[in-house]
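S.K.: Just so you know, the sequences run in chain order A, B, C and D. When you read off a place in the first sequence, starting at 1, and then add 39, the result is the number in the numbering used here. When you read off a place in the second sequence, starting at 1, and then add 39, the result is the number in the numbering used here. When you read off a place in the third sequence, starting at 1, and then add 39, the result is the number in the numbering used here. When you read off a place in the fourth sequence, starting at 1, and then add 39, the result is the number in the numbering used here.
Protein chains: 4
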Amino acid sequence: MTSAQIDSSATRTNQYRVPETMKAWVLGGPEELALLEKPVPRPGTAEVLVRIDAIAVCATDIEIIHHGVPAMIDGELPFNKGFTPGHEYMGTVVRLGPSVDEFQVGDRVTVEVHAGCGRCPRCREGMYTSCLNYGYRAKGHRANGFSTDGGFAEYAVNHVNTMVHVPDDMSDAEATLVVTAGTAMYGLDVMGGIIAGEGVVIIGPGPIGLMGVGVAKALGADPVILTGTRDRRLAMGKDLGADEIVNVLHEDPVGAVQRITGGKGVQYVLECSGAPNALNEAARMVNRGGRICLAAFPSDPVPVDIAYLVRNNIYVFGIRGEGKSATHRAAALMAQKRFDAKLIHTHTFSLEEVPSAIRYARERIEDAIKVVVAMR
Amino acid sequence: MTSAQIDSSATRTNQYRVPETMKAWVLGGPEELALLEKPVPRPGTAEVLVRIDAIAVCATDIEIIHHGVPAMIDGELPFNKGFTPGHEYMGTVVRLGPSVDEFQVGDRVTVEVHAGCGRCPRCREGMYTSCLNYGYRAKGHRANGFSTDGGFAEYAVNHVNTMVHVPDDMSDAEATLVVTAGTAMYGLDVMGGIIAGEGVVIIGPGPIGLMGVGVAKALGADPVILTGTRDRRLAMGKDLGADEIVNVLHEDPVGAVQRITGGKGVQYVLECSGAPNALNEAARMVNRGGRICLAAFPSDPVPVDIAYLVRNNIYVFGIRGEGKSATHRAAALMAQKRFDAKLIHTHTFSLEEVPSAIRYARERIEDAIKVVVAMR
Amino acid sequence: MTSAQIDSSATRTNQYRVPETMKAWVLGGPEELALLEKPVPRPGTAEVLVRIDAIAVCATDIEIIHHGVPAMIDGELPFNKGFTPGHEYMGTVVRLGPSVDEFQVGDRVTVEVHAGCGRCPRCREGMYTSCLNYGYRAKGHRANGFSTDGGFAEYAVNHVNTMVHVPDDMSDAEATLVVTAGTAMYGLDVMGGIIAGEGVVIIGPGPIGLMGVGVAKALGADPVILTGTRDRRLAMGKDLGADEIVNVLHEDPVGAVQRITGGKGVQYVLECSGAPNALNEAARMVNRGGRICLAAFPSDPVPVDIAYLVRNNIYVFGIRGEGKSATHRAAALMAQKRFDAKLIHTHTFSLEEVPSAIRYARERIEDAIKVVVAMR
Amino acid sequence: MTSAQIDSSATRTNQYRVPETMKAWVLGGPEELALLEKPVPRPGTAEVLVRIDAIAVCATDIEIIHHGVPAMIDGELPFNKGFTPGHEYMGTVVRLGPSVDEFQVGDRVTVEVHAGCGRCPRCREGMYTSCLNYGYRAKGHRANGFSTDGGFAEYAVNHVNTMVHVPDDMSDAEATLVVTAGTAMYGLDVMGGIIAGEGVVIIGPGPIGLMGVGVAKALGADPVILTGTRDRRLAMGKDLGADEIVNVLHEDPVGAVQRITGGKGVQYVLECSGAPNALNEAARMVNRGGRICLAAFPSDPVPVDIAYLVRNNIYVFGIRGEGKSATHRAAALMAQKRFDAKLIHTHTFSLEEVPSAIRYARERIEDAIKVVVAMR
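1) Residues in the region 160–177 of chain C with C-beta within 9 Å of chain B's C-beta atoms, listed in sequence order?
2) Which residues does DSSP pair with Asn-197 of chain D in a beta bridge?
3) I'd like to know whether the C-beta of Asn-183 of chain A is nearer than 8 Å to at least one C-beta of chain D.
4) Could you pull out every unbroken alpha helix (DSSP H) segment of at least 4 residues lying fully inside the region 230–257 of chain A, listed in chain order?
5) Select from A:Gly-301, A:Phe-142, A:Met-61, A:Asp-100 the residue whose C-alpha is nearest the C-alpha of Val-411 of chain A.
6) So, are the CB atoms of Arg-359 of chain B and Val-349 of chain A less than 8 Å apart?
7) Assuming Cys-156 of chain D is part of the alpha helix (DSSP H), what are its boundary residues?
8) So which residues of chain C does Pro-124 of chain D contact, with C-beta pairs closer than 9 Å?
9) Are the C-beta of Gly-67 of chain B and some C-beta of chain A separated by less than 8 Å?
10) Taking C-beta pairs closer than 7 Å, name the residues in chain C that Gly-232 of chain A reaches, listed in chain order.
11) So which residues on chain C does Asn-286 of chain D lean against when the C-beta distance must stay under 9 Å?
12) Any idea which residues DSSP pairs Ile-408 of chain D with across the strands?
13) Please work out which residues of its chain come closer than 7 Å, Cβ to Cβ, to Lys-409 of chain A, disregarding the five sequence neighbours upstream and downstream, and give them in chain order.
14) Please report whether the beta-carbon of Asn-197 of chain D lies at a distance below 8 Å from any beta-carbon of chain A.
15) Residues of chain D with CB closer than 8 Å to the CB of Asp-228 of chain B, please, in chain order.
16) Cα separation between Ser-338 of chain A and Gly-328 of chain B?
17) Counting only Cβ pairs nearer than 7 Å, list the residues of chain C close to Ala-257 of chain A.
18) Please give the ranges of any beta strand (DSSP E) in the region 280–346 of chain B, keeping only runs that are unbroken, at least 3 residues long and fully inside the region.
19) Sort out for me which residues DSSP pairs Leu-72 of chain B with in a bridge.
20) Pull up the CB-CB distance for His-105 of chain B and Glu-70 of chain B, whole angstroms please, since I reckon it's below 8 Å.
21) Note down the Cα distance separating Val-203 of chain C from Thr-366 of chain C, rounded to an integer number of angstroms.
22) If you draw a straight line from the alpha carbon of Gly-226 of chain B to that of Thr-219 of chain B, how long is it in whole angstroms?
23) Rank B:Phe-191, B:Ala-98, B:Asp-344, B:Ala-370 by C-alpha distance to the C-alpha of Ser-389 of chain B and give the top, closest one.
24) Tell me the rounded alpha-carbon separation between Ala-413 of chain A and Ala-235 of chain B.
25) Can you name the start and end residues of the alpha helix (DSSP H) that Met-414 of chain A belongs to?
26) Closer than 8 Å, Cβ to Cβ, to anything on chain A: give me those residues from the region 199–219 of chain D, in chain order.
27) For Asp-344 of chain D, go through chain C and note every residue whose CB falls closer than 7 Å to its CB, in chain order.
28) Which whole runs of the beta strand (DSSP E) in the region 126–193 of chain A are 3 residues long or more, in chain order?
29) Would you kindly check if the distance between the Cβ of Leu-288 of chain C and the Cβ of Pro-244 of chain C is under 8 Å?
30) Quick one: is Gln-306 of chain D buried, meaning 16 or more other Cβ sit within 10 Å of its Cβ, or exposed?
31) What residues in the region 295–310 of chain D have a beta carbon less than 7 Å from any beta carbon of chain C?
32) Count the other CB atoms, across all protein chains shown, that sit within 10 Å of the CB of Pro-124 of chain C; report buried if there are 16 or more and exposed otherwise.
33) Within the same chain, show all residues whose beta-carbon is closer than 7 Å to that of Thr-187 of chain B, passing over the 5 residues directly before and after it, in chain order.
34) In terms of residue numbering, what span does the beta strand (DSSP E) encompassing Ile-264 of chain A cover?
35) Have a look at C:Ala-334, C:Leu-372, C:Pro-342, C:Ile-345 and flag the residue whose alpha-carbon is nearest the alpha-carbon of Phe-356 of chain C.
36) Let me check one thing: in DSSP terms, what residues is Phe-122 of chain B bridge-paired to?
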């Protein structure tokens, strides 16, 4: 850091007065969220303090608030611990922890969830979302809004590894969608990632599925086929780049894929529905040697035709989160306007209205897809 | 080819008089095998004629003879078509088809099953066991003993891609086991293949599982843990290199793996049992981000805890056969005496006794593991 | 193939009367090309006969015509053998060899160069452009315009593996550029292929370099930096998607890359210039752990700072041709109008004018980039 | 950590009294090493204090002491900064920094060099030896004996990521060789790592080359060919598992490889000699599509035949150090007695005799290969 940089950073720091306390939604018992005053956290080494400007509601937030799952370390539930949920946020860097020069005060950033411990075998090979020290803060692991405080608040601390710069011409609301697109990107990455000209089916037009359509098409997949039950969401998928959409209420999805591909099937399926039979259907959508990524799941065990997977040399990739810096790649495509992520942003609320935001997302009121809480 | 080579080859060719007809077991209806006289086939371009010296009985042979599965192209069953089953054979090259210089008359060879079409997208990327033209002989695909005549006979034609040289000091019987070891090797390959120092669990001490123990240990995996129900087979696994064996009749296999690994779990599981709950157990044996290869399967759909796979970022690889030239690598390890494959060879019969050989294998008479038919 | 398909194919076949002989440019001694009458070749198994509609001139054609290099098998030179050069062609399928159903008579296709033997270790792993039986036609290898007759003629035979469908709205001339874009795509593939948001430098705005710009930008690379000496070509690179262009006559290219990337360097360099110092410069453009693909080369050995490569953990990938089906991926991006390949097509000639076409390409008359010979 | 563990650890801690100061060799100007009294360092978070029990002399140590290269961050040289060199050491854990439970006091460990920053793009993808923050201690990077104090001393601090457990039956001296074997392992890894049955040439029978022989043979490579100029070292290579050795003073190494492989060449070359023509020779040892890893380098630029690399689709991997946890895999093979690393340990000195140890290593007195400084 040159002294000129330091000066400039000091000037900027003065621009952002950070109070001692902040408003934050805190989880009491299941479904009990309260807007409380809480100390503003301080960034440690390799961390920054982010003033939160916008945050989107994710289905997992709703799960955490309701069931506490996915459980934190050692099966502990997050209830009555002063925990603030929320992980799909973006904002402005207002303080730098020691040694940070990757970001400057004033930078607009959006976040991904996981900072791995950096010292387990998984982190050592770059698979930080599968950190074997998940939840151990003392060992360095952080998962914003999962095992550490998240973004339904005015401020949050973030490790530099969990942040991506936001370009000036991307709105706050759009920037909250980067992590969702990053999850879809990771799903395509783990299946091989080189998909230009290959057929890709996306099952389930939820936020990850719709972003998956945008990313897959941006990377040149062809055809990109989206299956689902809601015409409005399917139409949104079309706007995001799907070559074909299939409403499974009107056509068997496996038959539709075979029809569209002239009986060849596709190379890749990104399963984002969590439907009980989705894996079996996906297996029949891919050709021999095809690959399936599971980004969603049914809550209970379901019957799976394993013989079909083995006989057809099919690989199945369960993914947790948005690893391998996929968020950076998704952000790059969005910055280049390769697809219009904003289409899935349907509703906006204020910080005070978080319970309404969550209700809209959970109950899909007015067919809500992405509900965003905007702070300014 | 120099003229000296041609002379030598000619001399050798004269050594191997090939008759017009041969004895071959031919499949009539289900379970109907008859030893008939059949024309000796002629090798085409890139093919050779192999005089079969030994062949092992595989569980899949029994399936084919009984159910006709896995069905040939277009769902056709192999019954009453003059089909000769059997794919785990070795022998001596006695005639060369046009353009062959990879092998010489007199060479001892063992075989793998699949010669891909070489022209579909899968073959073009080297995944010839997942050939999209499976069963189309006109397009070049051959699967010995599956879609083309196999080795329960005196002679068989083989594409050069399906053959591996056998060193002088490897017996005929041992050489029939190369393809089984190759399947295990392929299973380890698809999971990443770099396993020195990593924990590997092999579920199921059948032939593939036991060869998997040998291969995994030869490549430096540690610990190699074998689970099963039969003490004799488990003990054989120990002799093949397993660091730990677990009889699941006496100890829960997931608990045993956690005990042995100090709660860490392993990185890889090679599932060779086809047991209904094997995938769910495998998922709980691996650590987060672990990998499972399915080399066997239950015949019917079984409940699978997909949520566990997704939340733990687990990858599952179904494999068909012994692709990616894994048979060559397995043969290399066996040639270097890295493990003693002969241990699993338990019984020997003559060509005339094929029905007995099959019966021993199917009913596991005298705890038969690998039953070999030796021609000389 | 259903009988309806056969009928339709028969009808189409009748549409394309194929004569017994054709006009073809034939190579005598070095630089001696003559337009002769030659028998129209017949397609064998897995081959088709293509009526050539357009062909572009490649620098390698000029090399072959002048020096005979790269030499054919066994060091044989292609002179006075009745050889027809030319490999960047496209056309219409007019006859199908036995077993072909991947293409129909009447299909418009463009070609890649290499059909591997399908039986060497390289082909078995999908690296068919590195076929170990290069030039052995008896073993199945074919390299159009290199080891087998090429496209400066009215007709040519092609293996199905070397063909890609051309969409209706892509012109003949544009379709001849697919193989060039495929080479650039292969270069990006071998370096990892997942480049969204990563910096890529392309050295050398020749045809491969310019197509590399288009492909890299289509896949989301950012920034894409093109370096060269000719402003007109650099401007063309800008139109093809380059974020930055650097004329190395006016700015040191290494310094420019460091300037543009804020001192970070890029992740990937695709070297397409063959300049003597290009590898050393590329090494200083990438960051530690970066990757360089060499798609061009100086004719003589040049000094290389190997110590720099080793100390900075740099990987260098020499590529031959357009392997791993990269041509299909490039064609898919072009079919989706992701970049305008037509920009590099500068001149057009007729079949009779091939010598002029070659002269324009060789001497860069009127700054010719891609010179196309159009047959209709 | 259970309380029982804590007690046990406390007891062990008491066993190892750690003084305030220690003896350490400190680098003054070039070639000026002095044995001084220095404070014993304290382990920070994720670090331990290691009592050094043995350390081997590496050629790089000699370079650092003489030239200061490879230069530390920002081109700074390590002279007159109180720096202690030495990186091939092993010892006993005597103190745990905060949050460490991967190791216990009393554990015997050996070390690898690099702890990456964990926050640059390279570290995030697991390439920590190519850390883009090399030398920035404030950002977490440490390279023992390069950018932070090393092991020619009584104690050294180590990040947990740089340590591997040593089994009881491995001697101190042998354990110092793990990092050398790890470098060879990394070289094989980056070339693909799946080498059973493949031909591998090792150029240069120095410590890395000889360990490369051991590792390659342990993983089933065949043939393993070692080339060099010193018969004694070549014979040692034979004892370590080389199938063939070639003294290049008596036979051209390229010709020898072609002779041994029947003209086929090998798939992989691990170049450990740094000889000026080694890369050109390696290129002619591999077959088309082959791979070369450069683990050594000539100090000045040398002529390289780039055209040969490109035309033959050869990949060249420069490696820095021993990344991707290769040290763990090498240690696992050594723990399993797959090769006898001890063979290359030729001389032993005491801490006071470090200058003699270095002299023996540098001048190859009595053909010294690995010179070890043993502390007890």
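Heads up, the beta-carbon is just placed ideally off N, CA and C, and yes, glycines get one too.
M.R.: On the basis of the data shown:
1) Pro-160, Cys-162, Arg-163, Glu-164, Gly-165, Met-166, Tyr-167, Tyr-175, Ala-177
2) Here residue 197 of chain D refers to the residue found at position 158 of the fourth sequence. Answer is D:Val-87, bridged to Asn-197 of chain D.
3) Counting from one through the first sequence, the residue named residue 183 of chain A turns up at place 144. So, not an interface residue.
4) 246–257
5) As a first step, residue 411 of chain A must be located in the first sequence, where it is residue number 372. It is A:Asp-100.
6) The sequence position of residue 359 of chain B within the second sequence is 320, counting from 1. The sequence position of residue 349 of chain A within the first sequence is 310, counting from 1. Yes; because the gap between Cβ atoms is below 8 Å, this pair is in contact.
7) Along the fourth sequence, one-based indexing puts residue 156 of chain D at 117. That residue, Cys-156 of chain D, is in no alpha helix (DSSP H); it is neither H nor E in DSSP.
8) Taking the fourth sequence and counting its residues from 1, the one referred to as residue 124 of chain D is at position 85. Correct list: empty, because the minimum Cβ distance to chain C is about 17 Å.
9) Here residue 67 of chain B refers to the residue found at position 28 when the second sequence is read from its first residue. Chain A, which has no Cβ nearer than 8 Å to the Cβ of Gly-67 of chain B, makes this no.
10) Position 193 of the first sequence holds residue 232 of chain A. By Cβ distance, chain C contributes Gly-232, Ile-233.
11) Position 247 of the fourth sequence, counting from 1, holds the residue named residue 286 of chain D. Per Cβ cutoff of 9 Å: no residues; Asn-286 of chain D is ~24 Å from chain C at best.
12) On the fourth sequence, position 369 is the one that residue 408 of chain D refers to. According to DSSP, which records beta bridges pairwise, Ile-408 of chain D is partnered with nothing at all.
13) Position 370 of the first sequence, counting from 1, holds the residue named residue 409 of chain A. Cβ within range, chain order: Ala-95, Leu-216, Pro-246, Ile-383, His-384, Thr-385.
14) By one-based count along the fourth sequence, residue 197 of chain D stands at place 158. No, Asn-197 of chain D lies away from the interface with chain A (no Cβ there is under 8 Å from its Cβ).
15) Here residue 228 of chain B is taken as the residue at index 189 of the second sequence, counted from 1. Those within 8 Å of Asp-228 of chain B in chain D are Ile-233.
16) Stepping through the first sequence from its first residue, residue 338 of chain A is reached at position 299. Stepping through the second sequence from its first residue, residue 328 of chain B is reached at position 289. The straight-line gap from Cα to Cα measures roughly 20 Å.
17) As a working mapping, residue 257 of chain A is identified with position 218 in the first sequence. Going along chain C in sequence order, the residues near Ala-257 of chain A (Cβ under 7 Å) are Gly-259.
18) 283–286, 305–310, 325–333, 341–343
19) The residue given as residue 72 of chain B occupies position 33 in the second sequence. Note: Leu-72 of chain B sits in a beta bridge opposite B:Leu-66.
20) Within the second sequence, the letter at position 66 stands for residue 105 of chain B. Within the second sequence, the letter at position 31 stands for residue 70 of chain B. The pair is a contact, with the Cβ atoms about 6 Å apart (cut-off 8 Å).
21) Working through the third sequence from its first residue, we reach residue 203 of chain C at position 164. Working through the third sequence from its first residue, we reach residue 366 of chain C at position 327. About 8 Å.
22) The residue labelled residue 226 of chain B in the question sits at position 187 within the second sequence. The residue labelled residue 219 of chain B in the question sits at position 180 within the second sequence. About 11 Å.
23) Position 350 of the second sequence, counting from 1, holds the residue named residue 389 of chain B. Looking at the Cα atoms, B:Phe-191 is the closest of the given residues.
24) Translated into positions along the first sequence, residue 413 of chain A becomes position 374. Translated into positions along the second sequence, residue 235 of chain B becomes position 196. Taking the straight line from one Cα to the other gives about 51 Å.
25) Residue numbering aside, residue 414 of chain A sits at position 375 when the first sequence is read from its first letter. Met-414 of chain A -> no alpha helix (DSSP H), and no H or E assigned at all.
26) Val-199, Asn-200
27) Translated into the one-based positions of the fourth sequence, residue 344 of chain D becomes position 305. What Asp-344 of chain D touches in chain C: Pro-340.
28) 127–135, 147–150
29) Sequence index remark: in the third sequence, residue 244 of chain C carries index 205 (1-based). Sequence index remark: in the third sequence, residue 288 of chain C carries index 249 (1-based). Contact flag unset, no.
30) As a working mapping, residue 306 of chain D is identified with position 267 in the fourth sequence. Gln-306 of chain D comes out buried.
31) none
32) Start at 1 with the first residue of the third sequence, and residue 124 of chain C comes out as number 85. By the neighbour-count rule (16 or more Cβ atoms within 10 Å), Pro-124 of chain C is buried.
33) As a working mapping, residue 187 of chain B is identified with position 148 in the second sequence. Hits under 7 Å: Arg-176, Arg-181.
34) Counted from its first residue, the first sequence places residue 264 of chain A at position 225. It spans 263–267 - the beta strand (DSSP E) in which Ile-264 of chain A sits, taken as one unbroken run.
35) As a first step, residue 356 of chain C must be located in the third sequence, where it is residue number 317. With distances taken between Cα atoms, Phe-356 of chain C lies closest to C:Ala-334.
36) Start at 1 with the first residue of the second sequence, and residue 122 of chain B comes out as number 83. DSSP output for Phe-122 of chain B lists B:Leu-66 as bridge partner(s).
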